[in-house]
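Taking this note's numbering, the leading residue of the sequence shown gets 659, the next gets one more, and so forth. Note that beta-carbon positions come from the ideal geometry of N, C-alpha and C, so glycine has one too.
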Amino acid sequence: MKKVICTIFMLFIASQCCFASEWYQICDKIYLKIDKVQNNYTYFWIKKLNNYDIPRVKNRKVSFELFYEIDNCSANTSGLLALYIYGLNGDVLSSYINPDYQNPNFVKFEPVVPQTNGEYMYNIICNNQMQNNFNIHIFSPCENIINFSERKVNG
659 MKKVICTIFM LFIASQCCFA SEWYQICDKI YLKIDKVQNN YTYFWIKKLN NYDIPRVKNR
719 KVSFELFYEI DNCSANTSGL LALYIYGLNG DVLSSYINPD YQNPNFVKFE PVVPQTNGEY
779 MYNIICNNQM QNNFNIHIFS PCENIINFSE RKVNG
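Given below as structure tokens:
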């Protein structure tokens, strides 16, 4: 029995290490994962855990939101590629996939608006890309960052 408990414990620790090596905590309950850098584009994921500020979807509580975004660091622009909203059981409650997901040349890029969560993320992404360094160790109180859920999804 001790061996089983030790094995489960070691698997738990190993899984936490893998999470920590891929996702970077940038704010309280907000994480960033760089997917890839291609040409002038940086593709990344934002994971926002529910801090009691995400409204119910289909009358069900939300566990977290995943945003898949793209930044063009040379043009100071950003675009939304996909959005997934997960319930407490890990099931997808709602999703949006940009029709131009596979071709960044056709994605609707928008200017990065100053003093918003978009600018905060853009600065993290683009400052690290220009330094060719994605060892992100930024922890911010995010006091001036607007709620990710407030971002409009235009189809």
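Ile692 is positioned such that its CB atom lies closer than 8 Å to that of Phe702. Beta-bridge annotation (DSSP): Ala740 is paired with Tyr726, Ile755.
A Cβ-Cβ contact shorter than 8 Å links Ile728 with Val765. Straight-line measurement puts the Cα of Tyr682 at about 15 Å from the Cα of Asn781. Counting along the chain, the unbroken beta strand (DSSP E) around Phe702 starts and ends at 699-707.
Per DSSP, Cys731 is not a residue of any beta strand (DSSP E), being assigned neither H nor E.
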